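In this note's numbering, the protein residues as written are -13 to 131. Cβ coordinates follow ideal geometry from the N, Cα and C atoms, glycine included. Please read these numbers as outputs of a predicted model, since none were measured by experiment.
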């Protein structure tokens, strides 16, 4: 009678890749969902103008004061740049940022639906903070064919 080999298993010579494919697809879905959330900026409908781009200093992001359609201010410095701030906080943060680097480019990113007076108020805040020149962000107009 032949000896029975019940306690031993044969070694598999192949790798099951199905669990790895599942993990890869889950990670792909996670990255596809979170990537749009990581973009930084405030939703602003910029006015269209055929303006030339400004030359900015390398290795230095411009100081951007954004104004949304409801007139709320956002400044791209500080711990929470995506949260609205009041005028006094914007003035303080801009002053500190410009004292660190007086040559830093300063831009206003105003929604085209916001009242022009609110944009002027924002520019006055930036001038009080020490900005020598203030530029406006716009979108290039669509080219018609």
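Cβ shell of residue 120 (< 8 Å), same chain only, five flanking positions each side left out | Position 134 of the chain shown holds residue 120. Correct list, in chain order: 92, 93, 94, 109, 112, 113.
Starting from residue 82, trace the alpha helix (DSSP H) both ways and give me its first and last residue.
-> Residue 82 sits at position 96 when you count from the first residue of the chain shown. Here the alpha helix (DSSP H) through residue 82 covers 73 to 86.
Got a sec: does the ligand HEM put a non-hydrogen atom nearer than 6 Å to the Cβ of residue 120?
-> Ligands are entirely absent from the displayed structure, and the ligand HEM is therefore not among its contents.
Along the chain, where does the beta strand (DSSP E) that runs through residue 120 open and close?
-> Translated into positions along the chain shown, residue 120 becomes position 134. Residue 120 -> no beta strand (DSSP E), and no H or E assigned at all.
Per DSSP, what kind of secondary structure is residue 94 in: helix, strand or coil?
-> On the chain shown, residue 94 is found 108 positions in, with the first residue counted as 1. Reduced to three states, the DSSP call for residue 94 is strand.
Member of 2, 100, 76, 81 whose CA lies at the smallest distance from the CA of residue 118 | Walking along the chain shown from the start, residue 118 turns up at place 132. Between residue 118 and the set 2, 100, 76, 81, the nearest pair of CA atoms involves 81.
Going by CA-CA distance only, name the one from 58, 9, 75, 20 that's closest to residue 65.
-> Taking the chain shown and counting its residues from 1, one reaches residue 65 at position 79. Minimum Cα distance to residue 65 is reached at 75.
Measure the alpha-carbon distance for residue 8 versus residue 15 and round it to whole angstroms.
-> For the purposes of this step, residue 8 is identified with residue 22 of the chain shown, where counting begins at 1. For the purposes of this step, residue 15 is identified with residue 29 of the chain shown, where counting begins at 1. For residue 8 and residue 15, the distance between alpha carbons rounds to 11 Å.
Helix, strand or coil: which one does DSSP assign to residue 63?
-> In the chain shown, counting from the first residue as 1, residue 63 sits at position 77. In this structure, residue 63 counts as coil in the three-state DSSP scheme.
Would the beta-carbon of residue 90 fall within 7 Å of that of residue 61?
-> To locate residue 90, count along the chain shown from 1; it is residue 104. To locate residue 61, count along the chain shown from 1; it is residue 75. In this structure, residue 61 does not lie closer than 7 Å to residue 90 by Cβ.
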